Every structure is written in structure tokens, then in C-alpha cells.
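Numbering (my numbering), first residue to last: 1 to 104. Built from N, CA and C at the ideal position, the CB exists for glycine as well. None of these values were measured; they are calculated from a predicted model. These notes are about the structure you will find just below.
Okay, here's the thing in C-alpha cells:
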């Protein structure tokens, strides 16, 4: 997971100007930063949706098997869903930061 985010941040950094082709390098980096931005939010949304679906499925199965345990299952499920959603929001923030580094 760390390598994914480190790769996205590394793609957003601009190279030091060394030759006359720095103008084309600037646009190449912008392309990679745009790709990293899109992948960051897409993978986070996909993973978050899978996690929330599995958590809800397991909680509903537990409540269906033992309706008396509803209070003990429901609250931790809501807290878990909030934590999963916070990871997706962090990915959105990272995507905005990477988008801010894109020079159009």
C-alpha cells in the first residue's frame, strides 16, 4: 500500500531541467500525475466499496442468525463503516494534492 502512494507522489515530482527537452518532460510528468490521481481515487473507491459490502454482509448475516445480538453487532459495524469510508476520503485528499501538482 505504501508503494502505491509513494509511486503516485514520485510521479507528481518534476525532474530537474538538464536539457532542452524540459518542456516535453513537464508535460510527461503531468500525464503521469493525472494518471496517478485517477488511479488513487479509483482503487480507493473500489477497495472501500468491497470492504463496506463485506462488512455489511457479515453484520446482516450475524443479526439474521441471532436477532438478540443486534445491539452488539450494529454499533461496531457502523464504526467500521465510518473507518472504511475515512480511508476513501484520505485517498480523495491525496488525489486533490496530486491534481494540484499538475501543470496544464
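Helix, strand or coil: which one does DSSP assign to residue 54?
In the structure shown, residue 54 sits in a helix (DSSP, three-state: H, G or I).
Considering only their Cβ atoms, is the gap separating residue 37 from residue 146 smaller than 7 Å?
Not covered by the structure: residue 146. The range shown for the chain is 1 to 104.
Three CB pairs or more closer than 8 Å across the region 47–67 and the region 77–97
yes
How many angstroms separate the CA atom of residue 45 from the CA atom of residue 96?
14 Å
Among 40, 71, 28, 34, whose alpha-carbon lies nearest the alpha-carbon of residue 93?
40
Excluding the five sequence neighbours on either side, which residues of its own chain have a C-beta within less than 7 Å of the C-beta of residue 137, listed in chain order?
Outside the shown range of the chain, which is 1 to 104, sits residue 137, and nothing can be said about it.
Would you kindly work out how many angstroms separate the C-alpha atoms of residue 81 and residue 71, rounded to a whole number?
Within the model, the alpha-carbon separation for residue 81 versus residue 71 is close to 16 Å.
Nearest-angstrom Cα separation, counted from residue 29 out to residue 68:
Here the alpha carbon of residue 68 sits roughly 57 Å from the alpha carbon of residue 29.
For residue 33, count neighbouring Cβ atoms within 10 angstroms of its own Cβ and tell me buried if that reaches 16, exposed if not.
buried
With distance defined between alpha-carbon atoms, name the residue in 62, 42, 50 nearest to residue 84.
50
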